[in-house]
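Taking this note's numbering, the leading residue of the sequence shown gets 193, the next gets one more, and so forth.
Backbone N, C-alpha and C fix where the C-beta goes; we use that ideal spot for every residue, glycine too.
Below is one structure, written out as structure tokens; comments come after it.
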Amino acid sequence: MLTRLKVSGFKNLVNVDVRFGAFTCIAGANGVGKSNLFDVIQFLSALSNYPLIEAAQFVRNERGKPGDVRSLFHRVGETYADKIFFEVEMIVPASGEDDLGQQAKASITFLRYSLEIKYRTDHSHRSLGGLEIVREELVHINRSAASKHLLFPHKVNSWRDTTVIGKRSARYFISTEGEGDNKIIHLHQDGGSRGRPLSSAANLPRTVLSVANAAESPTALMAKREMQSWRLLQLEPSCLRQPDELTAPSKLNSNGSHLPATLYRLASQNGIRPETIYSQIANTLADLIEDVDSVIIDNDPKRQLLTLQVKSQNGTIYPARSLSDGTLRFLALAVLKLDPEAKGLICLEEPENGIHPARIPKILQLLKEIATDTEEEVGADNPLRQVIINTHSPVVVQEVSDDSLLIAELRESIQVLKDIENDTEEAVESCEPREFIQGEQRFKRFKRVCFSYLDNTWRTKAKEHENTNIVAKGNLLAYLNPVPARFEENGNAIGMKENTGKQYPPRSRRVREREDLLPLIPGFELIADESL
193 MLTRLKVSGF KNLVNVDVRF GAFTCIAGAN GVGKSNLFDV IQFLSALSNY PLIEAAQFVR
253 NERGKPGDVR SLFHRVGETY ADKIFFEVEM IVPASGEDDL GQQAKASITF LRYSLEIKYR
313 TDHSHRSLGG LEIVREELVH INRSAASKHL LFPHKVNSWR DTTVIGKRSA RYFISTEGEG
373 DNKIIHLHQD GGSRGRPLSS AANLPRTVLS VANAAESPTA LMAKREMQSW RLLQLEPSCL
433 RQPDELTAPS KLNSNGSHLP ATLYRLASQN GIRPETIYSQ IANTLADLIE DVDSVIIDND
493 PKRQLLTLQV KSQNGTIYPA RSLSDGTLRF LALAVLKLDP EAKGLICLEE PENGIHPARI
553 PKILQLLKEI ATDTEEEVGA DNPLRQVIIN THSPVVVQEV SDDSLLIAEL RESIQVLKDI
613 ENDTEEAVES CEPREFIQGE QRFKRFKRVC FSYLDNTWRT KAKEHENTNI VAKGNLLAYL
673 NPVPARFEEN GNAIGMKENT GKQYPPRSRR VREREDLLPL IPGFELIADE SL
């Protein structure tokens, strides 16, 4: 579980420090950079599993396609940042296994991982893809300090005592020592010994965390497994509609593939009647579609295929290929909720897409139920799962709990470009737009994304909390009153009567401009008062 993320130098994320609970909703306008936070999470997850250059290919550029490594770095004009810094605080699984099937048990489950990388301009190291590790560390956070780090509401004697466990005396699991080309990264053993020194940090093609195993450092392995479980769920209708072969993987893929095989596995588990699982899925789906009678998996032994089917109350059977996109996504989330093997962090962009506005509260409730219940013990019935969504929908913002909401907004900052060595007047004349001279330095204004929260919510208890982190109430108007009032030059609202009593006909009347619908729009009383 990701509880805190600090990042600087990644795209338009500069000096960002965000805390997360079990469920988080990030709202913001298009293009503000809220998806960049998902890109950071996806990049860190990829770094725990792949070489540096391959991990960079998982991150989208401005066109939504894999970009070169330079596109990861913050840019002001044509000037790029040369380093990116990441730091995460996370709760990791207590046990697991490595790639060879060796069992591992973490000595402590509350950890802090930090990584700093820089852009390499030395083209003789092209195999590294232009990225170099500057520093990498993995340390523990004491259980006694958990209350200072886990600020979201939770029960200590049930939820926290079953997630934050173990103890550790030595500080490091991974450490970096030395400077410049002499930096060495050490992978420490859980017993506290120094462990084997790996190659110079400058020559490492991948993170040290990504090579952790059960024999040497089981706690580092569990940190690796936790970060590998962070994924961006992009449910593609074409994948959700596909049947599965009987031998197909039975875990829901990030794109939605293997939905039939996953549901079939859940229904075939020992000690559980298949009808019980299918009924639970059907009951959940009925919140979205009233005509649902049952959900089943058709097992065709001749073709060796598993096909998802929905049966209506009149007996009509609809295969997955006949279902709407929104219905399929809802089904996938319902299956995910019931799967105890589905753990880790789930990022989901605009979950309201394809869902009728009246049904959006239902899908939000389903997403909250997928996330771990911080009032109960963690176990098979309450897996350690986390959900982060982003949106620009007013309906979503109004429905989520106030302490789960973050607002992504652009704020202006200033960056030092360079010292002035030539004549000041000449330097001023050479200034580009948004640049200015002060003293003997040249500065440039730029916009970075910030994540603000509502006042009187749990994030205000953070030690680093500042009033600048509180979202201005005026910035919420677009979500609370999503239909702006429109006025003509004479001061009358469009579609309303003038003071003379004469109807002012709009040239092209939209739905929101109908007289019979105006009273249903928030703020109508204000519009009416100002037109009298």
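Assign Met688 to buried or exposed, taking buried as 16 or more other Cβ atoms, counted over all protein chains shown, within 10 Å of its Cβ.
For the purposes of this step, residue 688 is taken as the residue at position 496 of the sequence shown. Low local confidence applies: a pLDDT of 45 at Met688 is under 50, so the model's placement there is unreliable, and no value is given.
Locate the beta strand (DSSP E) running through His266, then write down its first and last residues.
Your numbering for residue 266 matches position 74 in the sequence shown. His266 -> no beta strand (DSSP E), and no H or E assigned at all.
May I ask you to verify whether the stretch 542-554 touches the stretch 329-346, counting CB pairs closer than 8 Å and requiring at least 3?
Output reads no: the stretch 329-346 does not touch the stretch 542-554.
For Glu369, does the three-state DSSP call read helix, strand or coil?
Mapped onto the sequence shown, residue 369 falls at position 177. In this structure, Glu369 counts as strand in the three-state DSSP scheme.
For the 8 Å Cβ check, are there 3 or more pairs between the stretch 395-403 and the stretch 491-498?
Result no; under three Cβ-Cβ pairs closer than 8 Å.
Do the stretch 521-531 and the stretch 447-464 meet, that is, are 3 or more Cβ pairs less than 8 Å apart?
Result yes; three or more Cβ-Cβ pairs closer than 8 Å.
Counting only beta-carbon atoms, is Leu413 nearer than 9 Å to chain D?
The question asks about chain D, but that chain is absent: this structure has only one protein chain.
By the three-class DSSP mapping on this structure, what secondary structure does Thr519 have?
In the sequence shown, residue 519 corresponds to position 327, counting from 1. DSSP places Thr519 in helix when its eight states are reduced to three.
For Thr508, I'd like the list of residues in its chain whose CB is within less than 8 Å of its CB, leaving aside the five on either flank, ordered along the chain.
Counted from its first residue, the sequence shown places residue 508 at position 316. Within the same chain, Thr508 has no close Cβ partners at all.
Can you list, in chain order, the residues of its chain with a C-beta nearer than 7 Å to that of Ser237? Leave out the 5 residues immediately preceding and following it.
The residue you call residue 237 lines up with position 45 of the sequence shown. Around Ser237: Met419, Gln420, Trp422 and Arg423.
Please identify the residue among Glu533, Asp483 and Gln578 whose C-alpha is closest to the C-alpha of Tyr510.
Walking along the sequence shown from the start, residue 510 turns up at place 318. Taking only the C-alpha atoms, the option nearest Tyr510 is Asp483.
Give the range of the alpha helix (DSSP H) segment to which Ser471 is assigned.
Residue mapping note: residue 471 aligns to position 279 of the sequence shown, counting from 1. From DSSP, the alpha helix (DSSP H) with Ser471 extends over Pro466 to Ala478.
With 16 other CB atoms within 10 Å as the buried threshold, where does Pro697 fall?
The residue given as residue 697 occupies position 505 in the sequence shown. Residue confidence is low: Pro697 scores 48 on pLDDT, short of 50, so the model does not pin down where it sits. Its coordinate-derived value is still stated next. Pro697 comes out exposed.
Restricting to Cα atoms, I'd like to know which of Ser585, Lys203 and Ile489 is closest to Ala221.
As a first step, residue 221 is located in the sequence shown; it is residue number 29 there, counting from the start. Of the listed residues, the one whose Cα sits closest to Ala221 is Ser585.
In its own chain, which residues sit with a C-beta less than 7 Å from the C-beta of Gly201, not counting the 5 before and 5 after it?
As a first step, residue 201 must be located in the sequence shown, where it is residue number 9. So the list reads Phe265, His266, Ala273, Lys275, Ile276 and Phe277, once near-sequence residues are dropped.
Short check: CB of His341 to CB of Arg577, under 9 Å?
Stepping through the sequence shown from its first residue, residue 341 is reached at position 149. Stepping through the sequence shown from its first residue, residue 577 is reached at position 385. Contact: no.
What does DSSP give as the partner residues of Val663 in its beta bridges?
As a first step, residue 663 is located in the sequence shown; it is residue number 471 there, counting from the start. None, per the DSSP bridge assignment.
Where do the N-terminal and C-terminal ends of the alpha helix (DSSP H) with Phe230 fall, by residue?
The count along the sequence shown starts at 1 and reaches residue 230 at position 38. From DSSP, the alpha helix (DSSP H) with Phe230 extends over Lys226 to Leu239.
Alpha carbon to alpha carbon, how far is Leu444 from Asn204?
Working through the sequence shown from its first residue, we reach residue 444 at position 252. Working through the sequence shown from its first residue, we reach residue 204 at position 12. Cα to Cα, the separation comes out at about 32 Å.
Restricting to Cα atoms, I'd like to know which of Ile333, Ser306 and Val331 is closest to Ile325.
Position 133 of the sequence shown, counted from the first residue, corresponds to residue 325. For Ile325, the nearest C-alpha among the options comes from Ser306.
Ordered along the chain, which non-local residues of its own chain (more than five positions away) have a Cβ less than 7 Å from that of Val663?
What you label residue 663 is simply residue 471 of the sequence shown in a count that begins at 1. Within the same chain, Val663 has close Cβ partners Ile599, Ser644, Tyr645 and Leu646.
Nearest-angstrom Cα distance between Leu303 and Ala286?
Residue mapping note: residue 303 aligns to position 111 of the sequence shown, counting from 1. Residue mapping note: residue 286 aligns to position 94 of the sequence shown, counting from 1. Leu303 and Ala286: Cα-Cα distance of roughly 12 Å.
Rounded to a whole number of angstroms, what is the C-alpha to C-alpha distance between Lys653 and Leu239?
Position 461 of the sequence shown, counted from the first residue, corresponds to residue 653. Position 47 of the sequence shown, counted from the first residue, corresponds to residue 239. Spanning the two alpha carbons is a distance of roughly 32 Å.
With the cut-off set at 9 Å, would you say Arg327 and Ala393 are in Cβ contact?
On the sequence shown, position 135 is the one that residue 327 refers to. On the sequence shown, position 201 is the one that residue 393 refers to. Yes, Cβ-Cβ distance for Arg327 and Ala393 is below 9 Å.
What does His332 pair with, by DSSP beta-bridge criteria?
Position 140 of the sequence shown, counted from the first residue, corresponds to residue 332. Answer is Leu303, bridged to His332.
Which one of Ile333, Leu438, Ile377 and Ile538 has the shortest CA to CA distance from Gly358?
Within the sequence shown, the letter at position 166 stands for residue 358. Considering only alpha carbons, the answer is Ile333.
Rounded to whole angstroms, what is the Cα-Cα separation between Gln294 and Ala406?
For the purposes of this step, residue 294 is taken as the residue at position 102 of the sequence shown. For the purposes of this step, residue 406 is taken as the residue at position 214 of the sequence shown. Cα to Cα, the separation comes out at about 6 Å.
With DSSP collapsed to three states, give me the class of Met419.
The residue you call residue 419 lines up with position 227 of the sequence shown. Three-state result, Met419: helix.
When you compare only the Cα positions, how much space is there between Leu292 and Ile464?
As a first step, residue 292 must be located in the sequence shown, where it is residue number 100. As a first step, residue 464 must be located in the sequence shown, where it is residue number 272. The straight-line gap from Cα to Cα measures roughly 31 Å.
Contact check, Val731 vs Leu559 under 8 Å by CB: the rounded distance?
The displayed coordinates of the chain run from 193 to 724. Any statement about residue 731 would go beyond what the structure contains.
Could you check where the beta strand (DSSP E) with Arg196 kicks off and where it finishes?
Here the question's residue 196 lines up with position 4 in the sequence shown. Looking at the DSSP string, the run of the beta strand (DSSP E) that includes Arg196 is Leu194 to Ser200.
Quick check on DSSP: helix, strand or coil for Ile555?
What you label residue 555 is simply residue 363 of the sequence shown in a count that begins at 1. The answer is helix: DSSP assigns Ile555 an H, G or I state.
Note down the Cα distance separating Gln505 from Ile488, rounded to an integer number of angstroms.
Along the sequence shown, one-based indexing puts residue 505 at 313. Along the sequence shown, one-based indexing puts residue 488 at 296. Those two C-alpha atoms are separated by around 14 Å.
Helix, strand or coil for Thr566 per DSSP?
Locating residue 566 in the sequence shown gives position 374, counting from the first residue. Correct three-state label for Thr566: coil.
Span of the alpha helix (DSSP H) holding Tyr456?
Position 264 of the sequence shown, counted from the first residue, corresponds to residue 456. Taken as a continuous stretch (DSSP letters only), the alpha helix (DSSP H) holding Tyr456 covers Leu451 to Ala459.
Under 9 Å, do Phe344 and Gly213 count as touching if we go by C-beta distance?
The count along the sequence shown starts at 1 and reaches residue 344 at position 152. The count along the sequence shown starts at 1 and reaches residue 213 at position 21. Yes. Within cutoff.
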